[in-house]
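Written below as structure tokens is the structure these notes are about.
Residue numbers (our numbering): 78 to 143.
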């Protein structure tokens, strides 16, 4: 999903009188050149939910099983 698409979804969501979004569906965001921004956004409301660096830190902190 591009940054432009995210902005459109976010604007559309803000115009609705809907319950809070639960952010169940996420997608990696890309800039207009096609490069990843490292951000994960909700495809329903367009809100930034996680950044790649934060997601990697969480994975590193979890115990690994063999």
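The C-beta atom is built at its ideal place from N, Cα and C for all residues, glycine as well.
The shortest C-alpha to C-alpha distance from residue 125 to any of 94, 92, 107 is the one to 107. Within the model, the alpha-carbon separation for residue 129 versus residue 115 is close to 5 angstroms. The C-alpha of residue 120 lies about 16 angstroms from the C-alpha of residue 113. Closest in alpha carbon position to residue 122, among 105, 81, 104, 98, is 98.
For residue 118, the enclosing beta strand (DSSP E) stretches over residues 113-119.
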